[in-house]
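A.B. asks: Attaching a single structure in structure tokens format; questions to follow.
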Amino acid sequence: METNVRTPQQIFIQPQQIVVPLFQRPYVWEEEDQWEPLWQDVVRIASIRHSGSIGASHFLGAVVVQAEESAMGNLIVRNVIDGQQRLTTLQLLMDAAGAAFEERGLDRYSTQLEALTHNNPAFVDDEEQRLKVRHTNRDRAAFDDVMNAEPPVTHDDLPHSTSRITAAHAYFARCVGEWLDGEGDVSAGARPDDVTQRAELLAGVLSNGIQFVVIDLQANEDSQAIFETLNARGTPLTAADLVKNLVFQRLAKEGADARSAYRDVWPFDSAFWDSEITVGRATSTHAALFINQWLAATVAEEVRPRATFTRFKHYMEHEAGRPMLDVLMDMRAQAELYERWTRAVGDTRRSLDPVEMCMYRSRAIGSAALTPILLRLHPADDTLPDDVVFGVVRLVESWLVRRTLLRLTSTSLGRAVAEVLRAMRGVPAEGLVERVEDTLRSFRVTSTYWPGDAEIRQVFEEERAYRRFSRTRLRMFLEAAENQLRGEYDAQQVPRGAYPIEHLLPQSWERKWPVDNLQDEIARNAHVHRLGNLTLLTGKLNSSASNAAWLGRGGKRAKIAQHDVLLLNSRLLTMSETGWDEEHIDVRTQILLDGMLAVWPVPDAHTGEVTDARTSGQVSVTVAELVHAGMIAAGTILRPRSGTWGAKTAVVTEAGLIVVDDQTFDTPSRAGRYVRGGVTNGWTFWSLEDGRRLADVRQQFRPEAPSAPDEAARHWDPETDLDDASEYWAEIGDRARSIFAALVAAAPEPVPAPVLAERVGEESVRSLAGALAFTDRAAAKRGHRMPSRFVEGNPSSYWMDESTAETFAAVINAVEEERAELPEFSDDWTEAIRSGTEDEAALLRVLSEIDGMPVPAVGDELVEGIPVSLSWPNLRLTATVDTLAAADRDLIESSGWVLVPFDADAVERAVKAAVLAATSR
């Protein structure tokens, strides 16, 4: 065994084939976590070399290869034991760069890189020996296609255009092309003005500016033992741990008193900094998060969490230009601010200043994007006037929240914040607010633009806000509207996170809020979850009051007036003296938006225009859109795919709703679930009479690219994504469901791949990957990431974050409840008839003559001891001869029971429908 530090030039220059064995897992690296950080590191090294440090390099990790006993013709052959993801990615980057050079007539540099990716024809016997890295698993065809494609490469036209391999090559081709042409992100530093000089610089970095630790094994050595030692289990160091080690190493080298610095200056030695915080879907310690945010503020760049230590080290070695102790003292000063802001946010009844409120609202959104700007506004060596600080905070908070209101992608927010930070550099205090405003207004692409009032108002005219936002976000929006009425920073603010969200028109409105016809029913269902129908209450109403009629002495309006003191509700009561209906909801939506847009304003005449087409990773199409576009006519008959549900049909209404058995549904999947009795992907379940599925019509309306996930792909949220998750669960295969179910049970802990394979009955680790093949496409169609994530190591492992696990746990529980076995019902009706009252016995005699009718429980008690006449517990059906109080009826129905009229025909229909649904699953 030999261990050496080697560059790509040293690894790849000789004629050879480095073979990725069949048993190695497929290529799994992706843009956010691996491709982009690697490219940023390459560009950074290029910038340093351009500035004069010609020996600068980047360490990419370890690679283990093992010689084969026999060569392949003139070629040396080595097998990859560890590091194939790194080697594959670097090969793709070098080939993409070489193609970009060739397109621009820079043949000298394309030839240099080709010597590292392709064997000279003089040394090969056939085309299969041309590539220096050779895949033998399922990535082989895609890798061969893209590496052998002639420039300019049109990636969409390649046979394996949907492969992750192809996507990586396309990503690097775009990045290299932009960098060579003087475009792209300029934050990484200087680059030559001349394209030839840029090519020379980049070719040099890719050839000898990247380093690996290469472990070369002989053919007779135990490669598995080496692999296991390299990937030994242990608790990984956090970014804060790594930075701490570097800080005190440098302090010692600089002759500082490291002991006193640790005691008096190092700020992260307390329980607060070790405690965890969740931002979006990622969990971090406060220390690691702060260091990342402080670094982003300092260097005015987006710093990915995984790159925190590397970027910090680079900053200290090449940019800081001052002693470590001075840097550490600045960090301490701002760390104290961060801790103070965080503790203020945690005090729910304290009135916050604009900076603290911005942090609270950012946390409610699940974002830390603005924290670098907050830190930049509080430099350790200066104090900016409050009007300047608060003015900038007001602008950037408006930008973030308005994008959140439209549920726009957050993927590029870090880059946009970095651009704002760079714009702030060197600007005097009196010009800072104007500079930040101008920068935000200059964002004209979908991924970063600042939305205007008109777009937000238009979206919220029909937005089902309660279904589209998490409760935390929605509550924050309503709190802001309340605070605006109070005079946000001039009066006592509403307690944060304390009050429940209430529907004014109740979700279960049918009994106390009846309408006359189907059109009115459609309109009412469409308004239930809109912003104007939601409010905060200082105390939660019980189910009876919550579902009560609006007017009257015991009505809902009177209950709110009796118990609530919020200004939101005092104005609500004033406008609803005559009732509460869809028109009132629409008016109040705009009133609430008035307040929210005043809290988060935009400059006069700012409209939020964009120059690119607004696209989304989610194919969000409704049947209503298809009707409006003329692709489906009102009255169209939909037929289900074959099954035990027989000849049931559905009808599409003019409003794009779906009616089955006089039941109205707002999505195909809900209509399908009603028919099948289980989780259903309605787009593939329902077909038109000409044989086309709804999914086919949707595809024509808005073509999908399921295999090329958009950058906006979201994680799964249990409060907003249950419908998507149910459809996804119905679409994927049984093996994938078993794997995800096991990860749900283990979340958030990772499960070693061998253990996972054993748990779910897969033959091997390799078969796990096969079982999950294409599940990422099904997720991408809905704008989501794949539920599971892959973690490298020995053994490798799979994991699922808590939010995703909660989402799919709800789906799994629903499926299990639906599939619960029906009991063996007794055929002996005599005892039931004898035990009932006269009226109950009369109905029981009729029911006993119906074939297949199960025997009910007689004289039972349901929720909270409410007595009923007859009940079928496993079907969740009940019928009672007595007239129930409204509160009892509401309580029964809200507990998941169906209350059937005390009538033989009604009972027969309800029971048969429930039994059919259960037995068909």
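Numbering (my numbering), first residue to last: 734 to 1654.
No residue lacks a Cβ here, since even glycine has one placed at the ideal position from N, Cα and C.
1. Report yes if the C-beta distance between Arg1201 and Gln1323 is below 8 Å; otherwise report no.
2. Mapping the DSSP letters down to three states, classify Thr1369 as helix, strand or coil.
3. Over the uninterrupted beta strand (DSSP E) stretch that includes His1339, give me the two end residues.
4. Out of curiosity, what's the CA-to-CA distance linking Gly1013 and Ser1521?
5. Label Phe792 either buried or exposed according to how many other C-beta atoms from any shown protein chain fall within 10 Å of its C-beta, with 16 as the threshold for buried.
6. For Tyr1222, does the three-state DSSP call read helix, strand or coil?
7. May I have the straight-line CA-CA distance separating Gln1295 from Arg1431, to the nearest angstrom?
8. For the alpha helix (DSSP H) holding Ala1033, just list the boundary residues, first then last.
9. Tell me, which residues are paired with Ala1590 by DSSP?
10. Classify Thr734 as buried or exposed, calling it buried when 16 or more other Cβ atoms lie within 10 Å of its own Cβ.
11. On the DSSP bridge list, what partners appear for Leu825?
12. Mapping the DSSP letters down to three states, classify Val1227 as helix, strand or coil.
13. Helix, strand or coil: how does DSSP classify Glu911 here?
14. Near Met1092, what residues of its chain come up, given a Cβ to Cβ distance below 6 Å and the 5 sequence neighbours on each side ignored?
15. Could you say if the stretch 842–858 and the stretch 743–751 meet the contact criterion of at least three C-beta pairs nearer than 8 Å?
16. By DSSP, does Glu1437 sit in helix, in strand, or in coil?
17. Just verifying my parser: in three-state terms, what is the DSSP assignment at Gly1164?
18. Is Asn683 helix, strand or coil by DSSP?
19. Is the stretch 1217–1225 touching the stretch 1294–1314 in the sense that three or more CB pairs, one from each, lie closer than 8 Å?
20. Here's the rule: buried if 16 or more other CB atoms are within 10 angstroms of the residue's CB, otherwise exposed. What is Pro1436?
21. How many Å lie between Ala1101 and Glu1009 at the Cα?
22. I'd like to know if the stretch 760–779 and the stretch 1036–1056 are in contact, where contact means that at least 3 CB-CB pairs between them fall below 8 Å.
23. Can the beta-carbon of Ile948 be found less than 8 Å from the beta-carbon of Thr740?
24. Identify, in the order they occur along the chain, each residue of the same chain with its Cβ nearer than 6 Å to the Cβ of Lys1289, setting aside the five sequence neighbours on each side.
25. Tell me the start and end of each unbroken beta strand (DSSP E) in the stretch 1081–1125 that is at least 3 residues and wholly inside, in chain order.
26. Which partner residues of Trp999 appear in the DSSP bridge assignment?
27. How many angstroms separate the CA atom of Val1579 from the CA atom of Ala1637?
28. According to DSSP, which residues form a beta bridge with Arg1518?
29. Rounded to whole angstroms, what's the CA-CA distance from Asp1297 to Tyr1232? Just pull it up for me.
30. Out of Leu1608, Val1614 and Ala1619, point me to the one whose CA is closest to Lys1645's CA.
31. Do Leu913 and Arg837 have their C-beta atoms closer together than 8 Å?
32. Note down the Cα distance separating Ala1612 from Leu1251, rounded to an integer number of angstroms.
33. In the structure shown, what three-state DSSP assignment does Pro1485 receive?
34. Taking the C-alpha atoms as reference points, what is the distance between Arg708 and Gln951?
35. Quick one: what's got a C-beta closer than 7 Å to Ala994's C-beta in the same chain, skipping five residues either side?
36. Within the continuous beta strand (DSSP E) that includes Ser1420, where are the two ends?
C.D. replies: Taking the structure as given:
1. Judged by their CB atoms, Arg1201 and Gln1323 are not nearer to each other than the 8 Å cut-off.
2. DSSP places Thr1369 in coil when its eight states are reduced to three.
3. In the DSSP assignment, His1339 falls outside any beta strand (DSSP E) and carries neither an H nor an E.
4. Rounded to the nearest angstrom, the gap between the Cα atoms of Gly1013 and Ser1521 is 16 Å.
5. Looking at its Cβ environment, which holds fewer than 16 other Cβ atoms inside 10 Å, Phe792 is exposed.
6. DSSP, reduced to helix, strand and coil, places Tyr1222 outside both helices and strands of the structure shown, so it counts as coil.
7. For Gln1295 and Arg1431, the gap between their C-alpha atoms comes out near 49 Å.
8. No alpha helix (DSSP H) holds Ala1033; DSSP gives it neither H nor E.
9. In the DSSP assignment, Ala1590 forms a beta bridge with Ser1604.
10. Residue identity differs from the one stated: residue 734 is Met in this sequence, not Thr. Exposed: under 16 other Cβ atoms inside 10 Å.
11. Beta-bridge pairing by DSSP links Leu825 to no other residue.
12. Coil.
13. Note: Glu911 maps to helix in three-state DSSP.
14. So the qualifying residues of the chain are Trp1074 and Val1078.
15. They touch, by the three-pair rule.
16. Interpretation of Glu1437 is limited by its pLDDT of 40, a score under 50 that renders its predicted location unreliable; no figure is taken from the coordinates.
17. Note: Gly1164 maps to helix in three-state DSSP.
18. Outside the displayed span of the chain (734 to 1654) sits residue 683, for which this structure offers no information.
19. Segments in contact, yes.
20. Per-residue confidence for Pro1436 stands at a pLDDT of 45, beneath the threshold of 50, marking its modelled position as unreliable; the derived number appears in the next sentence. Pro1436 should be labelled exposed.
21. Those two C-alpha atoms are separated by around 14 Å.
22. Touching, yes, given that three or more Cβ pairs across the two stretches are closer than 8 Å.
23. Result no, Cβ atoms of Ile948 and Thr740 do not sit closer than 8 Å.
24. These residues qualify, in order along the chain: Ala1281 and Trp1283.
25. Scanning the stretch 1081–1125 for uninterrupted beta strand (DSSP E) segments of 3 residues or longer gives nothing; none is fully contained.
26. In DSSP, Trp999 forms no bridge with anything.
27. Taking the straight line joining both Cα atoms gives about 7 Å.
28. Secondary-structure assignment with DSSP links Arg1518 through no beta bridge to anything.
29. Between the alpha carbons of Asp1297 and Tyr1232 lies a gap of roughly 11 Å.
30. Of the listed residues, the one whose Cα sits closest to Lys1645 is Leu1608.
31. A Cβ-Cβ contact shorter than 8 Å links Leu913 with Arg837.
32. If I take the Cα positions, the gap works out to 26 Å.
33. In this structure, DSSP gives Pro1485 an extended state, which the three-state scheme calls strand.
34. The displayed coordinates of the chain run from 734 to 1654. Any statement about residue 708 would go beyond what the structure contains.
35. Closer than 7 Å at Cβ, skipping near neighbours: Leu984, Leu1058 and Leu1061.
36. Residues Trp1419 to Leu1421.
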